[in-house]
Amino acid sequence: MPMTITPSKTPKGKPYLRMMSSGDVSAADGEGLTKTIAPGSPLANMAILGLVADGAKFSPDGRHAFTRTGAMDEGQAPVAVVVNSAPLRVMLTFVIRISGAATRFFNSETDALAWLDEKLEGA
150 MPMTITPSKT
160 PKGKPYLRMM
170 SSGDVSAADG
180 EGLTKTIAPG
190 SPLANMAILG
200 LVADGAKFSP
210 DGRHAFTRTG
220 AMDEGQAPVA
230 VVVNSAPLRV
240 MLTFVIRISG
250 AATRFFNSET
260 DALAWLDEKL
270 EGA
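Converting from the sequence shown to my numbering requires adding 149 to each position, the first position being numbered 1.
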């Protein structure tokens, strides 16, 4: 399964969605994510921790699926992305900019969770 989404809690107990991407990420995966976090859904407007495996590949249709809905509009809770591959980081920066999500990239899950806790405490 290229993308899994699991509700979780930060070290300070704040709820967030833990999203792991690996393998070949398709349009169906992107559409599944946007439906999961769409306005009106039970998981709407939750902070997201995206973990991207080094070998993950996002198909052109998959990348497009992340940008064609309003699920990640301005005002969306914070999104932290952990990605160590430079080419993946560049590609995801472009996709996320188009989507409008307020996002920050990290090299470690620990740093990403600390940032989410900080952002969620101020919300």
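Each residue gets a CB set at the ideal place from its N, CA and C atoms; glycine is no exception.
Are there 16 or more other CB atoms within 10 angstroms of the CB of residue i, so buried, or fewer, so exposed?
i: D178; result: buried
i: V239; result: exposed
i: A193; result: exposed
i: P227; result: buried
i: K161; result: exposed
i: G271; result: exposed
i: S170; result: buried
i: T129; result: Nothing about residue 129 can be reported from this structure: the residues present for the chain run from 150 to 272 only.
Mapping the DSSP letters down to three states, classify residue i as helix, strand or coil.
i: G199; result: strand
i: T185; result: helix
i: A214; result: helix
Let's see if you can read the secondary structure: which residues bound the alpha helix (DSSP H) around residue i?
i: T259; result: 258–270
So if DSSP puts residue i in a beta bridge, which residue, or which two residues, is it bridged to?
i: M240; result: Answer by DSSP bridge pairing: none, since M240 is not bridged.
i: K158; result: P164
i: S170; result: M152, V201
i: R253; result: A229
i: F207; result: V174
Counting along the chain, where does the beta strand (DSSP E) carrying residue i start and finish?
i: A229; result: 228–232
Taking contact to mean 3 or more Cβ pairs, one atom from each stretch, closer than 8 Å, check whether the region 184–198 and the region 208–215 are in contact. no
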